[in-house]
Structures are given as structure tokens and as C-alpha cells.
Amino acid sequence: MVRWNKGNCELSLMLLRQLLLRPNLLQFPSSRTACDLTLKKYDVIVVGGGHAGTEAAAAATRVGAETLLITQQIRTIGSLSCNPSLGGVGKGQLVREVDSLDGLCGRAGDWAGIHFSILNRSKGPAVWGPRAQLDRDRYRQFIQAELLATPRLTVLEGSVEELLVSDPILDQPGHHRVTGVRMVDGSQPISSSSVVLTTGTFLSGSLFMGQTTSPGGRFGDPPSGAGLSHSLKEN
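For the sequence shown, the UniProt record's numbering gives the first residue as 1, with consecutive numbering after it.
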């Protein structure tokens, strides 16, 4: 059951405005397959659709780069996996830096904030930490709506198996250039001269239960492919 309130109506109006500008917005995630992308070379490929990946992809498009964001599940883009908060004494510095560069997290925090506070008010201003507690659903909805309406950005659901590199550079023995990525499904390579890896902490992760070890990642997510980890070790 959907509970309609002011926030839902505002989000619906935002999506409606984006649909007027981009009528194919709702078909965007499902219409992109690896086969569709093999004939095009991207300026930047971002692997991983977490917080770092979404900011990296959005930043690349802001400077005019044709960008491809590859993530395992489009529906989890913008998910707050741990504590649903933004800012604080430590992370607040990073949030303000990203926000000053027109990043997404600050605006999403304004949209999804349900409680705002200043930590360490009993101490001096040097250690004050603005922090916002967030609504998980609203934050995820905002990030997804912003990304899927971003010009020059394509979002692909899938996993990268291999990082492709060139032959050794003639005047720099042992050095290679990135040329693209290959997907787990075995489709043709996707070309790019710049690949940003924002795969998080679960690349080639393992789950331990007693004497049993198995590949795994965050709760509810499929394990990251071991191929990319092996590719990094090889190169």
C-alpha cells in the first residue's frame, strides 16, 4: 500500500518533469544490454553503483564525458546499506567537499532528511559535526531519479569479469593502458580509455561458516565476480 503524503507528491512531480524532458526515462534501465553497448566507446566507465560510483559517474557527466555506470542491480542504486545518516564529525568533511563540487549526496540528504543535528555542541566549533538522519526510501528514490535523468549517462545492470588492457607501452616496459571491460555474460568488450573501479569492500569476498567457505557479499546481494579481482592481480 502506498502512503501518499507531501514527500511522495513532490517526488512524483519531479519524476513527471523528467519524463516530459526524457519520455524514454522509464524504459531506460531495461532497454540497455551489453550487446547494445559494444559498438560505442565511452569516455569513462564506472564499475560499481554505490555511493562512490554514483558520485563518480555524475561528476564525469558534468565535465562532458560520455559515461557508462555498471552496477549489479539498478534497483539498489542509492541504498543506504549501513547507518542511514549523512555527515558527522568524520564523514561530514567529505560530504561538504562533494557538495561543493555539485555532487548528489548533499542534495539527496536535503530531500530525504528527517532529523538534523549538530554533534559535539558541548565542545568548540572545530569539532562540531552537522549530521542528518535520512529516510532510506526517499534517499534511494532521489539518487535513482537524478542518475536516470542525467544526460550523457548510461546505466547497465551486470557484472564486470575482466579489465581489458593494451599491450605493453613501447617506451614504458611493463606498463599498459586500459582499453575497456568485459562482462560476466561473455558479451563483446565495452571500450573506454578510462575505467573507475568503485566496487566497494566485497570484491572477491568470502563468507565463513564454521569450516565452510563460500563466495559472498553484502546481505541480499550476489557475490562479486572473482574475474575482476584476478584481472587486477594480473595487471
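Glycine residues also receive a C-beta, built at the ideal position from the N, C-alpha and C atoms. As the structure is a prediction and not an experimental result, all values here were calculated from the model.
Based on the DSSP output, what are the partners of residue i in its beta bridges?
{"i": "Lys-41", "result": "Ser-191"}
{"i": "Thr-67", "result": "Val-44, Leu-153"}
{"i": "Gly-180", "result": "Leu-164, Ser-191"}
{"i": "Leu-203", "result": "Answer is none; Leu-203 lacks a bridge partner."}
{"i": "Ala-197", "result": "Contrary to the premise, residue 197 reads as Leu rather than Ala in this sequence. Note: Leu-197 sits in a beta bridge opposite Val-47."}
Residue i: which of the options sits nearest, CA to CA?
{"i": "Glu-146", "options": "Cys-105, Gly-87, Leu-207, Ser-81", "result": "Cys-105"}
{"i": "Gln-144", "options": "Ile-74, Val-47, Gly-220, Gly-48", "result": "Ile-74"}
{"i": "Ser-117", "options": "Trp-128, Leu-94, Ser-214", "result": "Trp-128"}
{"i": "Ala-126", "options": "Gly-90, Gln-133, Leu-153, Gly-109", "result": "Gly-90"}
{"i": "Phe-219", "options": "Gly-205, Gly-92, Gln-211", "result": "Gly-205"}
{"i": "Gln-133", "options": "Gln-93, Ser-224, Tyr-42, Cys-82", "result": "Cys-82"}
{"i": "His-175", "options": "Leu-148, Glu-234, Gly-92, Thr-150", "result": "Glu-234"}
{"i": "Ala-57", "options": "Leu-94, Ala-112, Gly-186, Thr-150", "result": "Thr-150"}
{"i": "Gly-186", "options": "Asp-171, Glu-161, Gly-103, Gln-172", "result": "Glu-161"}
{"i": "Ala-112", "options": "Ser-191, Lys-123, Val-95, Gln-141", "result": "Gln-141"}
{"i": "Asn-120", "options": "Gly-92, Thr-213, Val-47", "result": "Gly-92"}
{"i": "Asp-221", "options": "Lys-40, Tyr-42, Gly-48", "result": "Gly-48"}
{"i": "Lys-41", "options": "Thr-212, Ile-190, Thr-213", "result": "Ile-190"}
{"i": "Ser-231", "options": "Thr-154, Arg-182, Ser-192", "result": "Arg-182"}
{"i": "Val-63", "options": "Leu-94, Gly-103, Arg-96", "result": "Gly-103"}
Are the Cβ atoms of residue i and residue j separated by less than 8 Å?
{"i": "Gly-200", "j": "Gly-50", "result": "yes"}
{"i": "Val-196", "j": "Val-44", "result": "yes"}
{"i": "Thr-61", "j": "Gly-78", "result": "no"}
{"i": "Leu-164", "j": "Gly-180", "result": "yes"}
{"i": "Ile-114", "j": "Asp-137", "result": "no"}
{"i": "Leu-228", "j": "Leu-203", "result": "yes"}
{"i": "Ser-194", "j": "Val-178", "result": "yes"}
{"i": "Ala-108", "j": "Thr-198", "result": "no"}
{"i": "Arg-152", "j": "Thr-67", "result": "yes"}
{"i": "Arg-131", "j": "Ser-166", "result": "no"}
{"i": "Leu-69", "j": "Tyr-139", "result": "no"}
{"i": "Ala-59", "j": "Leu-101", "result": "yes"}
Check for me: the beta strand (DSSP E) holding residue i runs from which residue to which?
{"i": "Phe-208", "result": "206-209"}
{"i": "Gly-87", "result": "85-87"}
{"i": "Ser-214", "result": "212-215"}
Would you give the residue range spanned by the alpha helix (DSSP H) that residue i belongs to?
{"i": "His-51", "result": "51-62"}
{"i": "Leu-232", "result": "226-234"}
What ranges does the beta strand (DSSP E) occupy inside the segment 90-171, keeping only unbroken runs of at least 3 residues that lie completely in it?
113-119, 129-134, 153-157, 160-165
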